[in-house]
Each structure stands twice: as C-alpha cells, then as structure tokens.
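Protein chains: 2
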Amino acid sequence: MEFSAYFPMWDKLTAAQQKRLADSITPQTAPKGTIVHNGSLDCVGLLLIQSGQLRSYILSDEGREVTLYRLFDRDLCLFSASCMMPSIQFDLVIEAEKDTGYWLIPTDVYKSIMEQSAPLANYTNEIMASRFSEVMWLIEQIMWKSLDKRVASFLLEEAAIEGTNLLKLTHETIANHLGTHREVISRMLKYFQNERMVRLTRGTVEIIAEDKLQELQKV
Amino acid sequence: MEFSAYFPMWDKLTAAQQKRLADSITPQTAPKGTIVHNGSLDCVGLLLIQSGQLRSYILSDEGREVTLYRLFDRDLCLFSASCMMPSIQFDLVIEAEKDTGYWLIPTDVYKSIMEQSAPLANYTNEIMASRFSEVMWLIEQIMWKSLDKRVASFLLEEAAIEGTNLLKLTHETIANHLGTHREVISRMLKYFQNERMVRLTRGTVEIIAEDKLQELQKV
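Line by line, the protein sequences are chains A and B.
With the first sequence counted from 1, adding 395 to any position gets you the numbering used here.
With the second sequence counted from 1, adding 395 to any position gets you the numbering used here.
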C-alpha cells in the first residue's frame, strides 16, 4: 500500500505539497519493545502507522508509568513531534507495543505544510482533540472510578485488542498501565480469581467470566 | 478596547473574514457564579474574555468537581463550542469565577472561517495544545503527588491569582477544586495550621509561612 492511501488529507493537498511530503518520508520499523520517542529528549517527527501498535505513557520520577492511549494501523502519532508546537508542554514516552511499521514524516516538513494548508491544520486539530478526549477519559477513570473497575476495564480492553481471553500479562505490566503498584494489582487479581472472574497462572491472566467483569466495570 | 485588538489572529484574516466575525459577535457579561457552559447540554459558542476569570471543571455523577484550568483576560475559550469538532468527546463545565465580560463568537461562524484560514486553524491548535498541557499537568499531580503537596500548590496558586495571602475559601471549595471530600481537606488544613503554615478562621485560610508551603509542594 502507498503512503498516499494512508495519509488522510492527501487529496486536499496541492501537488507541490504532496511532492514535498512524498520526498521527505522514510519507511521505518520498530520491533516490539522499542522506545520510539522519549519525552523532551528527542523530536523524531510524526509517525504514520502502517501496521502495528504504539503505546503512549507518562513516567514519574520514581519510574511509575500510566498508559495514556494506544495507536493502531493508520493512526498518525503527533506527539513524537511535540517540538512542532510550542504550546505542547508535556513529556510522554511512545513505545512499540507490537512490531510496528510506519512512515516517519520530518517535523519541519509537516509543520511548514500545516502552516499553509487549512485542511491539514484542521485535521491536526481533530487528532489533537481525539487524544485530548482519551486523556480526559483517563482523568475521569482515575478520579471517579475505584481500582477494581479500572482493572476490569483494562482486562476487557486488552482482550478486545488481542482477540483472546488468555492474556499474556504480568502483574507488573498491569500496574504500569494503571499507574499503581504490583502488590496492589496482585491483591486485586487474587480477589477476581476468588470471585471466579479470572484464572491466574505465571505470566497470564485468563478471563473466564467476561459477563461478570462487564458488570463490575459499569459505574 | 476593540474586539480586533483582542482577537489574536485578526491581522491574518481576510477583510471578508474580519467583517463576518465582527458582524456576528455579541458582547456579554456573566456575573460571578454564572455557569456559562454546561457539558453537552449546550454549545454556546467561543468566548473571548475581555476581563474576568472563568473556571473549567469536570463533574462526577455524585457531584464531585475537579478544576481543570482557569481562563483570564484575552484568553479564548474553545470548549464552550465543543460541538465545533466531532473529536471533542468530553464534557466540562465553565463557570464565571469572577464577574466576566466577554465577546461571544457563534460556533458556525468561527468554524467556517477556521476551515478556510490556515492561520486561524493553527492558532486554534495552539490553544488546544495549551489546554491539553494543563490537563496533563493535572494528571501528573493526581498520579504522582500526594494530597498535602496538592493542597499547598493550590493555596499558593490562589494567593498568586488573588494577590493576597488572606484567601476567602471554604474547605468545601478547596475540596471541589481538588476532587476530594471536605473532611479530607479540613484534616489537612488543621495539620497545616499545627505546622504554623496557615491560620484558619471561618471562611478564610491565611497563608502565614509561604516559604514552608513552597518547600512542601516541591516533589
């Protein structure tokens, strides 16, 4: 598949803008586990995902993580080019959660086209609003939802993404996603197991009563 | 002062766009305490603040609040026109925290100019990125900072905004800003008083040792 088929506003760009973009991109691959962007330490450019999965998270001084959102096929990753906009005043880390193939778009090329093109600027606005919405959802979860509901939601979301109820997840990994400690997650999962909602083995969590988890996650 | 002196991208608009904007705006006032926007219940338009102070917050089902950010003179309030962008998928409430004068810009007028004007679209992007940054800062506070530090930061911020160390604040109000319960705040303030950082009277909190609060709020 061609870049032009993936880039959403392609048809709204001028021929000169299309050429400039096409000449500047490079196809890249990031094996699972690669940190593709690390806060203010780099400004690698925008990433248009061909296939794979990226995870965006924040990191505390003590190394605790909270997952903000995930990006999938055809998503455009803006914040790996956060130097593009002076008002983006936060640092996040972007990690390949699966083997990921993407096109790298240089920050300066994207920025200069966006400054000329109202369609591209408005599209960028919509992407920003989508990510903003995901982060607002997260705040609501953190503020109003108890942890049992958040763990239930997380497991159901993982199952939907992976297409299986047998999840390869350590307690540490779940804790990192939710910004809490391993011990807290272990206690919660043991409770879920006692309630016959999940079955635990070393390194896996198997959902055995999806309906009960669905029920639990409701507010 | 004229609207054109307040509207940031005025000089980058065409004469036709300027005229369309100028013909559509209406000056409004909101006395302190007015709810100027209430989640998905309305889409009143964009507010360009001439003078005053707006507070943006989210509300849980049980009525608990968390302050997201404040807007001051010359700020443009986007989210009172959240229907402008389909990707804005969250509800927030905007309240006049002081008597506020503003120009109301109709959503459809702003939107149609933004769709044509790259400068206005890019400016809107920067505003969105600023608000996003404030919300990211809040997430970091909630996730990584203990409540004593958050209360200290809140009191110092209030003192800076009001220009006085004698703050007219009830414990209920502070709890609403920080998304917690009145009892929790009362306990914390009593601790602050014992540590000789504040002096409490009915309806006021006086900061008597700013340096100690400054020290406390550091991570």
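Where is the CB? At the ideal position from N, CA and C, for every residue including glycine.
(Q) Can you look up residue 535 of chain B in the DSSP assignment and give me helix, strand or coil? (A) helix
Q) Fully enclosed by the segment 465 to 547 of chain A, which alpha helix (DSSP H) runs are 4 residues long or longer? A) 502 to 511 and 513 to 539
Q: Go ahead and pull the three-state DSSP assignment for residue 571 of chain A.
A: helix
(Q) Check whether the segment 564 to 582 of chain A and the segment 398 to 413 of chain B are in contact - that is, three or more C-beta pairs closer than 8 angstroms. (A) no
Q. Using the C-alpha atoms, what's the distance from residue 560 of chain B back to residue 511 of chain A?
A. 48 angstroms
Q.
So the candidates are A/470, A/569, A/440 and A/534; which of them puts its Cα closest to the Cα of residue 459 of chain A?
A. A/569
Q. Alpha carbon to alpha carbon, how far is residue 418 of chain B from residue 550 of chain B?
A. 42 angstroms
Q | The alpha helix (DSSP H) enclosing residue 612 of chain B, as first and last residue numbers | A | 605 to 612
**Q.** Contacting residues, own chain, Cβ-Cβ under 6 angstroms from residue 453 of chain A (five flanking each side not counted)
**A.** 461 and 487
Q: Tell me, please, whether the segment 435 to 446 of chain A touches the segment 465 to 475 of chain A by the rule of three or more beta-carbon pairs shorter than 8 angstroms.
A: yes
Q) In this structure, what does DSSP give as the bridge partners for residue 336 of chain A? A) Lying outside 396 to 614, the shown extent of chain A, residue 336 of chain A is not represented and no answer is given.
(Q) So if I threshold CB-CB distances at 9 angstroms, which residues from the segment 531 to 565 of chain B count as touching chain A? (A) 531, 532, 533, 534, 535, 537, 538 and 539
Q: Mind listing the chain A neighbours of residue 519 of chain B? Cutoff is C-beta to C-beta under 9 angstroms, in chain order.
A: 516, 517 and 520
Q: Could you tell me which chain A residues have their CB closer than 9 angstroms to the CB of residue 490 of chain B, listed as they occur along the chain?
A: Result: empty, since nearest Cβ-Cβ is about 18 angstroms, beyond 9 angstroms.
Q) Identify the residues that DSSP records as bridge partners of residue 599 of chain A: which are they? A) A/596
Q) With distances taken from CA atoms, which of B/592, B/508 and B/513 is nearest residue 543 of chain B? A) B/592
(Q) Tell me the residue span of the beta strand (DSSP E) that contains residue 564 of chain A. (A) It is not in any beta strand (DSSP E) - residue 564 of chain A carries neither H nor E in the DSSP assignment.
Q. Roughly how many angstroms separate the alpha carbons of residue 456 of chain B and residue 605 of chain A, rounded to a whole number?
A. 25 angstroms
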